[in-house]
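These notes are about the structure you will find just below.
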Amino acid sequence: MIDHRGYPIGFRDMPPMRALATGKIVESTLLGLYHHRRKQLTWVSATSVPQFRPGADRPHQVISLFSDVTELKRDSALFLRAQALARVGGWEWDGGRHRLYLTDEALRIIGRRDDPPRTLAGVLAQVAPSDRPQVEDAIESVIRDGGAFDLEIQVVRPDGESHWARLIGQAEGRAPMNARLTGTLQDITQRRQIEEALRSQARTDPLTGLFNRDGILSELERRLGSDHPGTTVVYIDLDRFKLVNDLLGHSAGDHLLVNAARRLERCVGESGVLARFGGDEFLVLADTEHDPGEAEALAERITRAFGDSFRYAGEEFTITTSVGLARHPEHGKSVQQLVNNADAAMYDAKRRGRNNWQVFTPELARQQHDRVQVEAQLRRALDNEEFRLVYQPLVALADGKVRSAEALIRWRSPVLGEMRPDHFISHAETTGDIVRIGAWVIEAACKQMAAWRAEGFALERVAVNISYRQFLTEDLPQIISDALNEYGLPGSALELEFTERVLIEDAPDTLHTFETLRGLGVVLTIDDFGEGYSALNYLRRLPIHGLKLSHSFLQGVPGNESDVAICQAVAGIARSLGLDVVAEGVESPAQRDFLLGLGIRTGQGFLFSQALEPDNFTAFLRQTGLHTPQ
Ligand code: C2E
Ligand code: MG
Ligand code: MG
2 MIDHRGYPIG FRDMPPMRAL ATGKIVESTL LGLYHHRRKQ LTWVSATSVP
52 QFRPGADRPH QVISLFSDVT ELKRDSALFL RAQALARVGG WEWDGGRHRL
102 YLTDEALRII GRRDDPPRTL AGVLAQVAPS DRPQVEDAIE SVIRDGGAFD
152 LEIQVVRPDG ESHWARLIGQ AEGRAPMNAR LTGTLQDITQ RRQIEEALRS
202 QARTDPLTGL FNRDGILSEL ERRLGSDHPG TTVVYIDLDR FKLVNDLLGH
252 SAGDHLLVNA ARRLERCVGE SGVLARFGGD EFLVLADTEH DPGEAEALAE
302 RITRAFGDSF RYAGEEFTIT TSVGLARHPE HGKSVQQLVN NADAAMYDAK
352 RRGRNNWQVF TPELARQQHD RVQVEAQLRR ALDNEEFRLV YQPLVALADG
402 KVRSAEALIR WRSPVLGEMR PDHFISHAET TGDIVRIGAW VIEAACKQMA
452 AWRAEGFALE RVAVNISYRQ FLTEDLPQII SDALNEYGLP GSALELEFTE
502 RVLIEDAPDT LHTFETLRGL GVVLTIDDFG EGYSALNYLR RLPIHGLKLS
552 HSFLQGVPGN ESDVAICQAV AGIARSLGLD VVAEGVESPA QRDFLLGLGI
602 RTGQGFLFSQ ALEPDNFTAF LRQTGLHTPQ
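Residue numbering for the sequence shown follows my numbering, starting at 2 and increasing by one per position.
Below you can see the structure in the form of structure tokens.
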């Protein structure tokens, strides 16, 4: 025979013997009876009642009642095990008798197995102080009004360890006197930890450990929702990151991104939150509530911090940043607006030669709007045949006779109207559309040239403008030779004008490409010379034929001394390098005479003619005559 905990019971401790010895009823005592032969345990509940003879003060016998509770006992054992496995504990509070009962698992959760609390207050002592009021309120309200509560609370065990628990309770019976609360207590620490990990994983960039795009956008959303004004969105893009990635490989790229992130972190410090926004873009939400100038100061710190070069695998390279700022609420009220506008300001910083920062302005918003519109229309313009070429005569300055023509593109968009190249070429360069458009220009100019020749106009050549983006593609020489072949033209009938931009892009093959083109027999010219970057040493190395003196220098001629000096210098350089010079933008006879004085023999400009539709060009030719080279 064993007791409820499984320990053997001595003869004297058996309920009937205790009843006999004490003369008191021994109520519902749980006993285990082990049947040795059948190897079976039966649980019984025994109640022993002592019997007294009249007048006797000691019982002479005991009557015991047994009931088999094996099933019940098994159920409750299972129940306790299930509770432990599910980490669910049960509890019951009897308001009338002020008694509190907690199951083993409930005691484990609050860390009080060795010292079970007897009162509600004893349990509340184990609830984190910040959660205590809501538990008290919940209990009070179910005692008063009935119903149930379901709370997630933090439990602090006596040893200081903290756990998350779900506390469910409901009232049975009303009013303080007979209020009874029952409920469960569940350890949900693991679930909370997993949830928390998932939440932070979804908001973290794995490479840099910073907030990711989603993370920072919801943080911005949260800030805009709070009443604290004064967040500035700082949009940061690494200049030429793609180059490093392409040249040195992805692991170098990753290395650089991590290093850039650390540098940015140091710049930001406590003044804001940093995130990797995607690719090589980072975003800071700068706190500018107290110091409106903080975002500008931060942008300056970032620009400076990237002055030092990066090292990777023995290589050293410089990466700069382009940074754009948009301040809440002046520059945008919504998350989308602020981020777009900071992006527009960043883009503006890039356009201004990178390695600088810009603050958003409404003018930028307009430009950005235009850009989006133009880019959308550009995409279909070629297929819709919205482009055409006009031709500006290049004349001999001495007699005004036509030497050649420059093809200039025109775009008539059904949506945007007639567009000058200045308004769309740079967009087409950004989107890359210029590559297809440029190929069309080459083809169309060759076609026109062949037509003029067939009509008997022995024009020396036609010039087309080539974008640096076209120059960077590999098939430019192929496109040109295909066009020449198709219309049966010699290479010398075509002139290609490049801006100095092709020189600074510094593609490894620049020299090679120029040589291949020269091999086709075409004439190579640097356009708008002096306006751009004037990489003078290139002039010596490149196999080019001539320069076009930018009209910006001609404007002040002959009055403005420095313009005069520049024109003289360019003419001098060209002469000593054996290059032809063409003057652009000749508008007055005084300019023409000045140029003739410098020994420049060819020019184009409104003094002679603006760019003309092909038919008008032919008419102009007939009228002025063709210059015949001696
Ligand atoms: P550009 O190659 O320097 O062309 C000369 C520009 O100066 C033309 O403007 C022309 O109309 C203008 N011009 C001519 N004579 C005078 C004058 O006496 N005074 C003044 N102030 N301007 C004069 P346009 O046609 O608007 O072209 C602007 C620029 O667009 C061109 O400059 C060229 O860089 C680019 N462009 C034009 N067509 C193409 C093309 O087919 N492909 C590419 N990639 N760029 C092109
Ligand atoms: Mg040109
Ligand atoms: Mg030009």
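Virtual Cβ for every residue (Gly too), placed ideally from N, Cα, C. Everything numeric in this text was worked out from a predicted model, so none of it was measured.
Only counting the same chain, and skipping five residues up and downstream in sequence, which positions put a Cβ closer than 6 angstroms to that of I10? One-based indexing of the sequence shown puts residue 10 at position 9. Around I10: M2, D4.
Measuring only from the beta carbon, is D247 closer than 7 angstroms to any heavy atom that is part of ligand 1? Here residue 247 refers to the residue found at position 246 when the sequence shown is read from its first residue. No, the Cβ of D247 stays beyond 7 angstroms of every heavy atom of ligand 1.
C-beta atoms of A78 and G90 nearer than 8 angstroms: The residue labelled residue 78 in the question sits at position 77 within the sequence shown. The residue labelled residue 90 in the question sits at position 89 within the sequence shown. It is not a contact, given that the beta carbons lie outside the stated cut-off.
Following the continuous beta strand (DSSP E) through T48, name the residue where it begins and the one where it ends. Counting from one through the sequence shown, the residue named residue 48 turns up at place 47. Taken as a continuous stretch (DSSP letters only), the beta strand (DSSP E) holding T48 covers 41-52.
Whole runs of the alpha helix (DSSP H) within the segment 453-537, excluding any shorter than 4 residues: For the segment 453-537, whole alpha helix (DSSP H) runs of length 4 or above, ordered along the chain, are 469-473, 477-487, 502-506, 511-520.
For G604, name the three-state secondary structure that DSSP assigns. Within the sequence shown, residue 604 is the residue found at index 603, counting from 1. If DSSP states are grouped into helix, strand and coil, G604 belongs with the strands.
Terminal residues of the continuous beta strand (DSSP E) containing P394? Residue mapping note: residue 394 aligns to position 393 of the sequence shown, counting from 1. Unbroken beta strand (DSSP E) run through P394: 388-397.
Grouping DSSP H, G and I as helix and E and B as strand, with all else coil, what is F361? Against the sequence shown, residue 361 aligns to sequence position 360. DSSP places F361 in coil when its eight states are reduced to three.
Where L81 and D105 are concerned, what is the direct C-alpha to C-alpha distance, given to the nearest angstrom? As a working mapping, residue 81 is identified with position 80 in the sequence shown. As a working mapping, residue 105 is identified with position 104 in the sequence shown. In a straight line, the C-alpha of L81 is about 8 angstroms away from that of D105.
Listed in chain order, which residues are found with a beta carbon closer than 5 angstroms to a heavy atom of ligand 2? N466, E498, D528
Please say whether G433 and S468 have beta carbons closer to each other than 8 angstroms? Sequence index remark: in the sequence shown, residue 468 carries index 467 (1-based). Sequence index remark: in the sequence shown, residue 433 carries index 432 (1-based). The Cβ-Cβ distance between S468 and G433 does not fall below 8 angstroms.
So, helix, strand or coil for Y348, using DSSP? Stepping through the sequence shown from its first residue, residue 348 is reached at position 347. Y348 falls in the helix class under three-state DSSP.
Between I665 and I481, is the Cβ-Cβ spacing less than 8 angstroms? Since the first residue of the chain shown is 2 and the last is 631, residue 665 is not available in this structure.
I237: first and last residue of the uninterrupted beta strand (DSSP E) it sits in: Position 236 of the sequence shown holds residue 237. It spans 232-239 - the beta strand (DSSP E) in which I237 sits, taken as one unbroken run.
D188 to L221, Cα distance in whole Å? Residue 188 sits at position 187 when you count from the first residue of the sequence shown. Residue 221 sits at position 220 when you count from the first residue of the sequence shown. Looking at the two C-alpha atoms, the distance is approximately 34 angstroms.
Spell out the partners DSSP gives D581 in its beta bridges. Numbered from 1 along the sequence shown, position 580 holds the residue referred to as residue 581. Partner(s): G547.
List the residues that DSSP assigns as beta-bridge partners of L275. Looking up residue 275 in the sequence shown gives position 274. V285, per the DSSP bridge assignment.
Going by other Cβ atoms of all chains shown within 10 Å of its Cβ, with 16 needed for buried, is G279 buried or exposed? On the sequence shown, position 278 is the one that residue 279 refers to. The residue in question, G279, is exposed, as its Cβ has fewer than 16 Cβ neighbours within 10 Å.
Length at least 4, wholly inside the segment 146-211: the alpha helix (DSSP H) runs in chain order: 176-179, 190-203
So the beta strand (DSSP E) I64 belongs to, where does it begin and stop? The residue labelled residue 64 in the question sits at position 63 within the sequence shown. Element bounds for I64: 62-69.
Contact check, E498 vs D528 under 8 angstroms by CB: the rounded distance? Here the question's residue 498 lines up with position 497 in the sequence shown. Here the question's residue 528 lines up with position 527 in the sequence shown. Their Cβ separation, rounded to whole angstroms, is 4 angstroms, which keeps E498 and D528 in contact under 8 angstroms.
Which value, in whole angstroms, describes the spacing of the CA atoms of E295 and S427? For the purposes of this step, residue 295 is identified with residue 294 of the sequence shown, where counting begins at 1. For the purposes of this step, residue 427 is identified with residue 426 of the sequence shown, where counting begins at 1. Distance between the alpha carbons of E295 and S427: 34 angstroms.
Could you tell me the boundaries of the alpha helix (DSSP H) in which A406 lies? To locate residue 406, count along the sequence shown from 1; it is residue 405. Where A406 is concerned, there is no enclosing alpha helix (DSSP H), although the beta strand (DSSP E) it sits in stretches over 403-414.
Ends of the alpha helix (DSSP H) at D247? Start at 1 with the first residue of the sequence shown, and residue 247 comes out as number 246. 242-249 is the extent of the alpha helix (DSSP H) around D247.
For R100: DSSP bridge partner residues: Looking up residue 100 in the sequence shown gives position 99. R100 pairs with D95.
Would you decide whether F53 is buried or exposed? Buried here means 16 or more other CB atoms lie within 10 Å of its CB. Within the sequence shown, numbered from 1, the residue matching residue 53 stands at position 52. The residue is exposed, with fewer than 16 neighbouring Cβ atoms inside 10 Å.
In chain order, what residues of the same chain lie with their CB nearer than 7 angstroms to the CB of E387, ignoring the 5 residues before and after it? Along the sequence shown, one-based indexing puts residue 387 at 386. Result list for E387: W412, R413, S414, in chain order.
Please state whether the Cβ-Cβ distance between E585 and S610 is less than 8 angstroms. By one-based count along the sequence shown, residue 585 stands at place 584. By one-based count along the sequence shown, residue 610 stands at place 609. Taking 8 angstroms as the Cβ cut-off, E585 and S610 do not qualify as a contacting pair.
Mapping the DSSP letters down to three states, classify F621 as helix, strand or coil. What you label residue 621 is simply residue 620 of the sequence shown in a count that begins at 1. In the structure shown, F621 sits in a helix (DSSP, three-state: H, G or I).
Just how far apart, CA to CA, sit L275 and I217? Here residue 275 is taken as the residue at index 274 of the sequence shown, counted from 1. Here residue 217 is taken as the residue at index 216 of the sequence shown, counted from 1. Rounded to the nearest angstrom, the two C-alpha atoms are 8 angstroms apart.
Taking C-beta to C-beta, are D288 and G325 nearer than 8 angstroms? Mapped onto the sequence shown, residue 288 falls at position 287. Mapped onto the sequence shown, residue 325 falls at position 324. It is not a contact, given that the beta carbons lie outside the stated cut-off.
Can the beta-carbon of A343 be found less than 8 angstroms from the beta-carbon of F361? Locating residue 343 in the sequence shown gives position 342, counting from the first residue. Locating residue 361 in the sequence shown gives position 360, counting from the first residue. Taking 8 angstroms as the Cβ cut-off, A343 and F361 qualify as a contacting pair.
Tell me the residue span of the alpha helix (DSSP H) that contains E317. Residue 317 sits at position 316 when you count from the first residue of the sequence shown. No alpha helix (DSSP H) holds E317; the beta strand (DSSP E) holding it covers 316-318.
Throw me the rounded Cβ distance for the I140 and L182 pair, which I believe falls under 8 angstroms. Residue numbering aside, residue 140 sits at position 139 when the sequence shown is read from its first letter. Residue numbering aside, residue 182 sits at position 181 when the sequence shown is read from its first letter. 7 angstroms between Cβ atoms; contact.
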